[in-house]
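Undergrad: If you're matching them up, the sequences are chains A and B in order. Per UniProt numbering, the first sequence starts with residue 1, numbered consecutively. Per UniProt numbering, the second sequence starts with residue 1, numbered consecutively.
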Amino acid sequence: MFLPNPKDSSLFLPHGSSHVDVYFMPRKRSRISAPFVVSGEPKQQPSIEVLPDECLFEVFRRLPGGQERSACASVSKRWLMLLSSIRRDEICNSKIVQSVEPEIQSNPQKANDFSETKQKCEFDDSNGIKSEDEEFQETDAQGCLSRCLEGKNATDVRLAAIAVGTASRGGLGKLSIRGSNSTRGLTNLGLKAVSRGCPDLQVLSLWNLSSIGDEGLCEIASGCHLLQKIDLCHCPGITDEGLIAIAKNCPNLMSVTVESCSNIGNESLQALGRNCPNLKYITVKNCPLVSDQGIASLFSSAGHILTNAKLQALNISDVSLAVIGHYGSALTDLTLIGLENVNERGFWVMGKGQGLQKLRSLSITACKGVSDLGIEAVGKGCPDLKMIALRKCLLVSDRGLVSFAKAAESLESLQLEECHRITQYGIFGILANCCKKLKALALANCLGIQDLDFGGLPLTSLCLSLRSLTIRNCPGFGDAGLGLLGRLCPKLTQVDLSGLQGITDAGVLPLVQCSEAGLVKVNLSECVNLTDNVVTAIAKLHGETLEFLNLDGCKYVTDVSLMAIARNCTVITELDVSRCGITDSGIAALAAAEQISLQILSLGGCFLVSDESLPFLVVLGKNLVGLNIQHCRGISFATVDLLLDQLWRCDILS
Amino acid sequence: MVTTDEKGPLTAKKKSVIIRSCDGDEFLVSESAAVLSTSLKKILEEKEDRLIHLSDIDNKTLAMVIAYLSTHADDGLSDDLKRSFDQEFVSGKEFDVLKYLVLATDTLQVTCLCYTVAKKMADIMKNKLVEWVRREFDIQNDYTPEAEAEIRRLDAWAWDDRQLEDD
Numbered sequence: 001m002f003l004p005n006p007k008d009s010s011l012f013l014p015h016g017s018s019h020v021d022v023y024f025m026p027r028k029r030s031r032i033s034a035p036f037v038v039s040g041e042p043k044q045q046p047s048i049e050v051l052p053d054e055c056l057f058e059v060f061r062r063l064p065g066g067q068e069r070s071a072c073a074s075v076s077k078r079w080l081m082l083l084s085s086i087r088r089d090e091i092c093n094s095k096i097v098q099s100v101e102p103e104i105q106s107n108p109q110k111a112n113d114f115s116e117t118k119q120k121c122e123f124d125d126s127n128g129i130k131s132e133d134e135e136f137q138e139t140d141a142q143g144c145l146s147r148c149l150e151g152k153n154a155t156d157v158r159l160a161a162i163a164v165g166t167a168s169r170g171g172l173g174k175l176s177i178r179g180s181n182s183t184r185g186l187t188n189l190g191l192k193a194v195s196r197g198c199p200d201l202q203v204l205s206l207w208n209l210s211s212i213g214d215e216g217l218c219e220i221a222s223g224c225h226l227l228q229k230i231d232l233c234h235c236p237g238i239t240d241e242g243l244i245a246i247a248k249n250c251p252n253l254m255s256v257t258v259e260s261c262s263n264i265g266n267e268s269l270q271a272l273g274r275n276c277p278n279l280k281y282i283t284v285k286n287c288p289l290v291s292d293q294g295i296a297s298l299f300s301s302a303g304h305i306l307t308n309a310k311l312q313a314l315n316i317s318d319v320s321l322a323v324i325g326h327y328g329s330a331l332t333d334l335t336l337i338g339l340e341n342v343n344e345r346g347f348w349v350m351g352k353g354q355g356l357q358k359l360r361s362l363s364i365t366a367c368k369g370v371s372d373l374g375i376e377a378v379g380k381g382c383p384d385l386k387m388i389a390l391r392k393c394l395l396v397s398d399r400g401l402v403s404f405a406k407a408a409e410s411l412e413s414l415q416l417e418e419c420h421r422i423t424q425y426g427i428f429g430i431l432a433n434c435c436k437k438l439k440a441l442a443l444a445n446c447l448g449i450q451d452l453d454f455g456g457l458p459l460t461s462l463c464l465s466l467r468s469l470t471i472r473n474c475p476g477f478g479d480a481g482l483g484l485l486g487r488l489c490p491k492l493t494q495v496d497l498s499g500l501q502g503i504t505d506a507g508v509l510p511l512v513q514c515s516e517a518g519l520v521k522v523n524l525s526e527c528v529n530l531t532d533n534v535v536t537a538i539a540k541l542h543g544e545t546l547e548f549l550n551l552d553g554c555k556y557v558t559d560v561s562l563m564a565i566a567r568n569c570t571v572i573t574e575l576d577v578s579r580c581g582i583t584d585s586g587i588a589a590l591a592a593a594e595q596i597s598l599q600i601l602s603l604g605g606c607f608l609v610s611d612e613s614l615p616f617l618v619v620l621g622k623n624l625v626g627l628n629i630q631h632c633r634g635i636s637f638a639t640v641d642l643l644l645d646q647l648w649r650c651d652i653l654s
Numbered sequence: 001m002v003t004t005d006e007k008g009p010l011t012a013k014k015k016s017v018i019i020r021s022c023d024g025d026e027f028l029v030s031e032s033a034a035v036l037s038t039s040l041k042k043i044l045e046e047k048e049d050r051l052i053h054l055s056d057i058d059n060k061t062l063a064m065v066i067a068y069l070s071t072h073a074d075d076g077l078s079d080d081l082k083r084s085f086d087q088e089f090v091s092g093k094e095f096d097v098l099k100y101l102v103l104a105t106d107t108l109q110v111t112c113l114c115y116t117v118a119k120k121m122a123d124i125m126k127n128k129l130v131e132w133v134r135r136e137f138d139i140q141n142d143y144t145p146e147a148e149a150e151i152r153r154l155d156a157w158a159w160d161d162r163q164l165e166d167d
C-alpha cells in the first residue's frame, strides 16, 4: 500500500548536490476513485491547500459521532464521498492498525520491526478505543430506516448522503431506487457508499438503472451481508457476476426478483440455488438468457426450501417444469405466465413428478401448452392444492377441468379467465362432482359459455361449500344456467354477476330466493335488464345481511328499489346506484331510513336526481365517507359547493 | 542549525541521521527514533546516506515530529509517561498547526502520531459550523446551492438542538 515500488527512481529525485537524496512523499492509494482533485505535487514552500484524503480519512474516523459526520458531509462533495467511503468497522481504531499496513506484515524480514513500531504505538490507541465504544453505543444500528430515490433524485451524492446520514440513526434497512438522474446518473460509486455505510441493509430494490453494473452490486455483496431481499428490474448493466457475488456473500437472502435484466442468466440461478440456504421467494421474468439449465439447477439445489416461485416469459421448456415437479417439495405458491415453449408434456410431467406435495396455490396464465391431460395430472399430483387460477389457457376444456376437480380434493378456490373452451357442462360438472371444500368459483371473460337448458335436471347433490360466485362478462351466461346455479349452491353469500347482459329477473330471482345463508355482497353492475323486482327481493330476503350492493348501470332500477332497501336493509354500508333511474324521492326514502348508515353512496350519472336532493344528501352525509355525484346533470354547481361545504368529512366526487 | 538529539549522547553504536527540512535546516536524529517513521525507515534501508531531505515539511513541524519520535524511541520512559506526553503534545495546539502535523505524519508515516493528531482535530471539529470547517480546512464548497440545501435537509437531524460555534 505504501511506497508501491521503493526502487522506482522517480520517487527519489536528485536535489542540489548529488549526495543528497530528496524524499518526495508518495501518495497512498486514494480512498475514493471519484474525479476529485487531490493535492498532488509536493511543494517547495509547504502550504496546505487541501489535506490529502488519507489525512482527512483519519480525522473523519475519529469524529465523535454520527452528527459530526453528517455535518461534515455538508462541507463539500469531496468530503461527502470520502465520508461515505468509511466502513463502520473502520471507525474502530484497533482494527485499523492491522489493516492499514498489511504489506509490511507480509514481509517476514520487517515483521519484527513493525511489531515493535506497533507496540510503541499501542497506547496511542487507547483513547481511540474508548471513543469507539461510545460510538458503537450510539450507532446501535439495526437497519430500521427506509429510503426511496426516484428519477432525478437518484444521484450518487444523494445516495452517499443517505449512507452517511442513516449510519448512526438506526441504519438503512431498505433502499429502493427507481430510475436515475439523466445527467448526473447514479453509478456504482453510489452503491459503494451504501455498501460502506449501510451494513444493515436488508432490502435492495433497483429499477431502471442502466448505469449500475456488476461493480456496484459486488460492492453491496461485500458490505451488506445481511441482505434478505433483492429486486432487480431493467438493469442491463448487471450480469451474472454481480448476482453471483450477492448469492455467495449474503447467506440470509430470502427473496430474489429478476425482471427484464438482459444480462442475467443461468449461472446466477445456479449460484442462488447453491449458496442461499434461506431462499424462499424467487421471481424470474423476461430474462432472455435464462433457460432450462438455470431453472433446473436452481430447483435441484433449492427445491426443498423455495416456497414461492414465479416464472414469466422465459425460454424454458418441459424440462424446467419436470424439474420443478420433481424437486419442488417446499413450493406452496407457483405462478407460470407466458411460457411459450412449454408443451402438454411439461404440465403432465410436473404433476406426475409427485414433488409438489405442499403446493397450495397454482396460477397459470397464457401458457398454451396447458391442456386437459396436463391439468388432470396436476390435480392428481398436488394433493394440497387449494387455489388454482387458469387464465388464457385456450386448450383446457370441460373434460380436463372436471377430472382436475375430481382429483384436487382440497380445492377451495377456482378462477377461470379467458378459457374459451369451458362451457356450462364444465361449470356444473365441477360443482356437482368435486369439492366438498370449494368456497369460491370465479369465471371471467369466458366466451365459450352458452346458456344451456338442463331442463328438470335432478340435483343429486348440492354444493354446500360454495360461498362466493363470480361470473363476469361471460355474455353467453343466461337465466337458465343462473337459476340452476342458485338451486345448486344455496349457501352463497357473495354474488358477482357484473356484465352479464343476457340475464333477467327470471334468472336472478331463483338465485336470490334459493340462497339460505343470506347474501352479504351482491354486484349486479351492467346487468342492464334487471328491474326493481330483483332488488326488492334481495332487500326483503337478505336485508339483514346485505352489506354491499352494486346496481351500476341497471337502468330499469327506480325509486321502488331504494324504498325497498330503505325499508328492509339494516347493515348496508355501500350502495352504488350509478346510472339507475332513481329520483329525488328515492334519495329521500334512503335518508329517512334511520337504521341505515351508508358509508359509500354512488349516484354517478343519475340524471333524474336534482338539487331537491340536497337536504337528503346532507342527512345521509353524516355517516358517508365517500359520495359520487359525477355526471348528475340535475345537480347544480351551487348545490355541489354547498355539499362540499357541509360534508367536509366526506370524500366527494363531483 | 544542527541540533543534537537531546535525549542521549551520541555513541558509536547509536547511529544518527540528519534530516533536512524544506527551509534548509538540519536535524540530527537517532536512528532508533527515525525508524519509528515507516518512510524514513524505508529510506534508511535503501540508502547508506545519512542525510534525508524532506521537501514538504517545514522547520516548526519537523521539530515537533522529531520531538515526538525521540520521546517514543526512549526506552527509559514508561508507557504511562509517553501517553501523558501525547496528551500534552497535542493540547493547546492551533488547528492550523495540527493540520501541518497530520500532513507530516502522513508523509513520514508515523501512524500513531497521525492517529493522535487526527483525534485531536476531530475533537476540535465537534460542534463547529460548516462555515468554520470550510474556512479552517480551506475547502471550496463544490455543492450547488440546491444540492447543499438538499444535503442539509437530508441531514437536518444533525443540526437540531445543537449550539454550533464559529470560533
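The beta carbon of each residue, even a glycine, is placed where N, CA and C say it ideally should be.
Cα separation between A:N127 and B:L62?
TA: For the purposes of this step, residue 127 of chain A is identified with residue 127 of the first sequence, where counting begins at 1. For the purposes of this step, residue 62 of chain B is identified with residue 62 of the second sequence, where counting begins at 1. Because A:N127 carries a pLDDT of 35, less than 50, the predicted location of this residue cannot be relied on, and the following value inherits that uncertainty. Straight-line Cα distance between these residues: approximately 24 Å.
Undergrad: When the Cα atoms are used, what is the spatial distance from B:H72 to B:N59?
TA: Counted from its first residue, the second sequence places residue 72 of chain B at position 72. Counted from its first residue, the second sequence places residue 59 of chain B at position 59. So the two alpha carbons sit approximately 20 Å from each other.
Undergrad: If you follow the alpha helix (DSSP H) that A:A591 is in, where does it begin and where does it stop?
TA: Taking the first residue of the first sequence as position 1, residue 591 of chain A is located at position 591. Element bounds for A:A591: 584-592.
Undergrad: Which one or two residues does DSSP pair with A:M387 in a beta bridge?
TA: As a position in the first sequence, residue 387 of chain A is number 387, starting the count at 1. Partner(s): A:S361, A:S413.
Undergrad: Any chance you could list the beta strand (DSSP E) runs of at least 3 consecutive residues sitting entirely within the region 169-247 of chain A, in chain order?
TA: Taking only runs of at least 3 residues, the beta strand (DSSP E) segments lying wholly in the region 169-247 of chain A are 172-178, 203-207, 229-233.
Undergrad: Determine the direct distance from the alpha carbon of A:G294 to that of B:I43, and round the result to whole angstroms.
TA: Taking the first residue of the second sequence as 1, we reach residue 43 of chain B at position 43. Taking the first residue of the first sequence as 1, we reach residue 294 of chain A at position 294. Spanning the two alpha carbons is a distance of roughly 56 Å.
Undergrad: Report, in whole angstroms, the separation of the C-beta atoms of A:L624 and A:L598, which I expect to be a contact under 8 Å.
TA: What you label residue 624 of chain A is simply residue 624 of the first sequence in a count that begins at 1. What you label residue 598 of chain A is simply residue 598 of the first sequence in a count that begins at 1. Indeed they touch by this definition, with Cβ atoms about 6 Å apart.
Undergrad: Does DSSP put A:C514 in a helix, in a strand, or in coil?
TA: Reading the first sequence from its first residue, position 514 is the one you call residue 514 of chain A. Of the three classes helix, strand and coil, the one that applies to A:C514 here is helix, per DSSP.
Undergrad: Name, in chain order, the residues that DSSP records as bridge partners for A:Y281.
TA: Taking the first residue of the first sequence as position 1, residue 281 of chain A is located at position 281. DSSP lists A:S255, A:N308 as partners of A:Y281.
Undergrad: If A:C446 sits next to A:L466, beta carbons under 8 Å apart, how far is it from one beta carbon to the other, in whole angstroms?
TA: Taking the first sequence and counting its residues from 1, one reaches residue 446 of chain A at position 446. Taking the first sequence and counting its residues from 1, one reaches residue 466 of chain A at position 466. 18 Å between Cβ atoms; not a contact.
Undergrad: Going along chain B in order, which residues have a C-beta closer than 7 Å to the C-beta of A:R88?
TA: To locate residue 88 of chain A, count along the first sequence from 1; it is residue 88. Near A:R88 there are no residues of chain B at all, since even the closest Cβ is about 16 Å away, more than 7 Å.
Undergrad: Can A:S300 and A:Y327 be called in contact, C-beta distance under 9 Å?
TA: Residue mapping note: residue 300 of chain A aligns to position 300 of the first sequence, counting from 1. Residue mapping note: residue 327 of chain A aligns to position 327 of the first sequence, counting from 1. Yes, the pair counts as a contact, with Cβ atoms nearer than the cut-off.
Undergrad: Any beta carbon of chain A sitting closer than 9 Å to that of B:I151?
TA: On the second sequence, residue 151 of chain B is found 151 positions in, with the first residue counted as 1. True, the Cβ-Cβ gap to chain A drops below 9 Å.
Undergrad: In whole angstroms, give me the CA-to-CA distance for A:L500 and A:L482.
TA: Counting from 1 along the first sequence, the entry for residue 500 of chain A is found at position 500. Counting from 1 along the first sequence, the entry for residue 482 of chain A is found at position 482. Computed Cα separation, rounded: 11 Å.
Undergrad: Among A:L298, A:S317, A:N550, A:G346, whose alpha-carbon lies nearest the alpha-carbon of A:N308?
TA: In the first sequence, residue 308 of chain A corresponds to position 308, counting from 1. That would be A:L298, whose Cα lies nearest to the Cα of A:N308.
Undergrad: With 16 other CB atoms within 10 Å as the buried threshold, where does A:R78 fall?
TA: If you number the first sequence from 1, residue 78 of chain A lands on position 78. Looking at its Cβ environment, which holds 16 or more other Cβ atoms inside 10 Å, A:R78 is buried.
Undergrad: For A:W648, count neighbouring C-beta atoms within 10 Å of its own C-beta (all shown protein chains included) and say buried if the count is 16 or more, exposed if not.
TA: The residue you call residue 648 of chain A lines up with position 648 of the first sequence. So A:W648 counts as exposed.
Undergrad: Quick one: Cα of residue 661 of chain A to Cα of A:E409, how far?
TA: Absent from the structure is residue 661 of chain A, since the part of chain A shown begins at 1 and ends at 654.
Undergrad: Measure the Cβ-Cβ separation of A:L614 and A:L575 and say whether it is below 9 Å.
TA: If you number the first sequence from 1, residue 614 of chain A lands on position 614. If you number the first sequence from 1, residue 575 of chain A lands on position 575. Not in contact: A:L614 and A:L575 (Cβ atoms no closer than 9 Å).
Undergrad: Can you give me the Cβ contacts of A:S131 inside the same chain, cut-off strictly under 6 Å, excluding the 5 residues immediately before and after it?
TA: Position 131 of the first sequence, counted from the start, is the residue given in the question as residue 131 of chain A. With a pLDDT of 32 at A:S131, under the threshold of 50, the modelled position of that residue is not reliable, and the figure given next carries that caveat. Nothing meets the Cβ criterion.
Undergrad: Which first and last residues belong to the alpha helix (DSSP H) in which B:L51 is found?
TA: For this step, residue 51 of chain B is matched to residue 51 along the second sequence. Segment 51-54 is the beta strand (DSSP E) holding B:L51; no alpha helix (DSSP H) there.
Undergrad: To which residues of the same chain is A:L394 closer than 6 Å at the C-beta, ignoring the five residues directly before and after it?
TA: Against the first sequence, residue 394 of chain A aligns to sequence position 394. There are no such residues.
Undergrad: For chain B, is any of its Cβ atoms less than 9 Å away from the one on A:S76?
TA: Start at 1 with the first residue of the first sequence, and residue 76 of chain A comes out as number 76. Judged by the 9 Å Cβ criterion, A:S76 is in contact with chain B.
Undergrad: Considering just the uninterrupted stretch of the beta strand (DSSP E) at A:A442, what are its terminal residues?
TA: Here residue 442 of chain A corresponds to residue number 442 of the first sequence, with the count starting at 1. Unbroken beta strand (DSSP E) run through A:A442: 440-444.
Undergrad: Within 9 Å (strictly less), CB to CB, does B:D25 reach chain A?
TA: Along the second sequence, one-based indexing puts residue 25 of chain B at 25. Not closer than 9 Å to any Cβ of chain A, the Cβ of B:D25 fails to qualify, so no.
Undergrad: What is the residue span of the beta strand (DSSP E) that A:I652 lies within?
TA: Stepping through the first sequence from its first residue, residue 652 of chain A is reached at position 652. Note, A:I652: beta strand (DSSP E), 651-653.
Undergrad: How long is the line joining the alpha carbons of residue 168 of chain B and A:S195, rounded to whole angstroms?
TA: Past the edges of chain B, shown from 1 to 167, lies residue 168 of chain B, and the structure says nothing about it.
Undergrad: Exposed or buried, what is A:C382 when buried is set at 16 or more other beta-carbons lying within 10 Å of its beta-carbon?
TA: Here residue 382 of chain A refers to the residue found at position 382 of the first sequence. By the neighbour-count rule (16 or more Cβ atoms within 10 Å), A:C382 is buried.
Undergrad: Give the secondary structure of A:V402 by DSSP, where H, G and I count as helix, E and B as strand, and everything else as coil.
TA: As a first step, residue 402 of chain A must be located in the first sequence, where it is residue number 402. It is helical.
Undergrad: Under 9 Å, Cβ to Cβ, is there at least one residue of chain A near B:A34?
TA: The sequence position of residue 34 of chain B within the second sequence is 34, counting from 1. Closer than 9 Å: no.
Undergrad: Measure the beta-carbon distance from A:D611 to A:I635 and round it to whole angstroms, keeping in mind my assumption that it falls under 8 Å.
TA: To locate residue 611 of chain A, count along the first sequence from 1; it is residue 611. To locate residue 635 of chain A, count along the first sequence from 1; it is residue 635. Going by Cβ atoms, the distance from A:D611 to A:I635 rounds to 6 Å, so yes, they are a contact pair.
Undergrad: Shortest alpha-carbon distance to A:I276 belongs to which of A:A245, A:A322, A:A444, A:A71?
TA: Counting from one through the first sequence, the residue named residue 276 of chain A turns up at place 276. Per the sequence shown, the amino acid found at residue 276 of chain A is Cys instead of Ile. Among A:A245, A:A322, A:A444, A:A71, the Cα nearest to that of A:C276 is on A:A245.
Undergrad: Any beta carbon of chain A sitting closer than 9 Å to that of B:L154?
TA: Walking along the second sequence from the start, residue 154 of chain B turns up at place 154. True, the Cβ-Cβ gap to chain A drops below 9 Å.
Undergrad: In chain B, which residues lie with their C-beta within 9 Å of the C-beta of A:I177?
TA: Translated into the one-based positions of the first sequence, residue 177 of chain A becomes position 177. Going along chain B, no residue has its Cβ under 9 Å from A:I177, so there is no contact; the nearest lies around 15 Å.
Undergrad: In or out: A:C198 buried (at least 16 other Cβ within 10 Å) or exposed?
TA: In the first sequence, the residue the question calls residue 198 of chain A occupies position 198. Answer is buried; the Cβ neighbour count reaches 16.
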